[in-house]
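Going by full-length UniProt numbering, the letters in the sequence shown line up with residues 1 to 374, in that order.
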Amino acid sequence: MKNKSTVKHRVDEESATIINDGTTNPIKIELKNTSFVLRDKEPKQLAIEAKGLVKKFGEKRAVDGVDLAIPKGTVYGFLGPNGAGKTTTIRILSTLLKPDDGRVSILGYDLANEADEIRKRVSLTGQFASVDEDLSGLENLVMIGRLLGFSRKEAKERAWELLSAFALEEAGKQQVKNYSGGMKRRLDIAASIVVTPELLFLDEPTTGLDPRSRNQVWDIVRMLVSLGTTVLLTTQYLDEADQIADRIAVIDHGRIIAEGTSRELKASVGTGVFQLRLKVPEESERAEEVLSGKLQTEIHFSSTDSSAMSAQVTNTALVAEAISELTKEGIEVIDFSLGQPSLDEVFLSLTGNPPEEKGSEGYQERNHHTEGGG
């Protein structure tokens, strides 16, 4: 066992304010007297370090040799489709599931031998709300505060502070069963930070939410990071990773197949994306033959628009030649553009599958007993 020197201290913030400029009804988030507990005197550079992480369910390797190095004070996006291994990895890192192989350090503590120390410093918000729907939002937060050692007065004060910060104050005394999906998700995150964690795991926190609620959750994540919390966020939404993650790991079939900033990942698949729409959709096969010959790359067809096509190009000078050749062949183009690839195109290039493709990770986890991480 390592000799850890820890202290309890309180950080008094004048305010931590985040304005959501992406909606017509922005929310203002203010947290005062935010409590940080059990921080090490000497800060460590990495919040999470994992080497060769493996988890098997029968013959299936849900996590297959994952390596991670996540700096403190950042948002790290874990991107992949259902079944890719995201949730299994989160469960291992949060001490809920024992790995079959590999070595993990969380906030400087060894996962195999110091899981109790890790649990004091981390919090997890899963895919499904964990609050009691028969209680009010206030009652849920007070109950959690009491379980964490707050006095009744302190628990109530902290509950109202969080309800106000997450724009839930007016609904604080209502039963959670009457909350909207976005309100339940915000309350769930609030319950995870009654004592502000050093590391917060968010497993697909915006799945099923409307755009306004998603933006509010993103603002909450940014606020937490500004106060010093490290966030590991799993998501199927490419725009979500693009919006809030400092670095992104793309995971597929239990393996990390790419890692970097959003800009780095986009640059890795080509210098640009050429997109065009044809006037006559029936000419798409002829257009594909012309384009693939000129651009020397694979042509992708839109799943929603039969007249739309795209291609990743490394030599943008060839685009003009390709358009000229289409004109010579009598294939009329309505519009075209050349720009940076989106994360959707990055994912498609890396995995060959769209990010919404379903897998069996959830099924595997539901049909096997899990073990505690301690």
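C-beta atoms are modelled at their ideal positions from N, C-alpha and C, and glycine is treated no differently. No experiment lies behind these values; they were computed from the predicted model shown.
Quiz prompt | Inter-residue CB distance, L232 and I48 (contact presumed, cutoff 8 Å) | solution = 7 Å
Quiz item: Thinking C-beta only, is Q243 closer than 8 Å to V273?
Solution: no
Practice problem: Leaving out five residues on either side along the sequence, give the residues of the same chain with a beta carbon under 6 Å from the beta carbon of D335. | Solution: R277
Quiz item: Taking C-beta to C-beta, are I220 and L79 nearer than 8 Å?
Solution: no
Practice problem: Go ahead and label K41 buried or exposed: buried means 16 or more other beta carbons lie within 10 angstroms of its beta carbon, across all protein chains shown. | Solution: Because the pLDDT of K41 is 43, which lies under 50, any placement of that residue in the model is unreliable, and the number read from its coordinates should be weighed accordingly. K41 is exposed by the Cβ-count criterion.
Quiz item: E180: which of D203, L162, S123, G208 sits nearest, CA to CA?
Solution: Going by the sequence as given, residue 180 is Ser instead of Glu. Of D203, L162, S123, G208, the residue nearest in Cα terms is G208.
Quiz item: Sorted by chain position, which residues of the same chain lie with C-beta nearer than 8 Å to E169's C-beta, five sequence neighbours on each side aside?
Solution: W160, L163
Self-check item: Residues bridged to A69 [DSSP beta-bridge criterion]
Solution: E49
Practice problem: Mind checking which residues open and close the beta strand (DSSP E) that includes G272? | Solution: 272-278
Self-check item: Identified DSSP bridge partners for V333
Solution: L278
Exercise. Compare the C-alpha of L338 against each of A320, E325, S349, L348 and name the closest.
Key: A320
Quiz item: Which term fits F128, buried or exposed, when burial requires 16 or more other beta carbons within 10 angstroms of its beta carbon?
Solution: exposed
Quiz item: So Q312 is in the beta strand (DSSP E); what residue range does that whole segment cover?
Solution: 308-313
Quiz item: If we ignore side chains and look at the alpha-carbon of each, how far apart do E329 and S349 end up?
Solution: 29 Å
Practice problem: With a threshold of 16 other CB atoms inside 10 Å of the CB of G254, please say whether the residue is buried or exposed. | Solution: buried
Quiz prompt | Supposed close pair I144, A191 - CB separation, criterion 8 Å | solution = 5 Å
Practice problem: Kindly confirm or deny that the stretch 199-215 and the stretch 49-57 touch, where touching means at least three C-beta pairs closer than 8 Å. | Solution: no
Exercise. Return the first residue and the last residue of the beta strand (DSSP E) that V250 is part of.
Key: 247-252
Quiz item: DSSP beta-bridge partners for I256?
Solution: I251
Quiz item: Roughly how many angstroms separate the alpha carbons of F301 and G260, rounded to a whole number?
Solution: 27 Å
Quiz item: For A115, does the three-state DSSP call read helix, strand or coil?
Solution: helix
Quiz item: DSSP three-state call for Q216: helix, strand or coil?
Solution: helix
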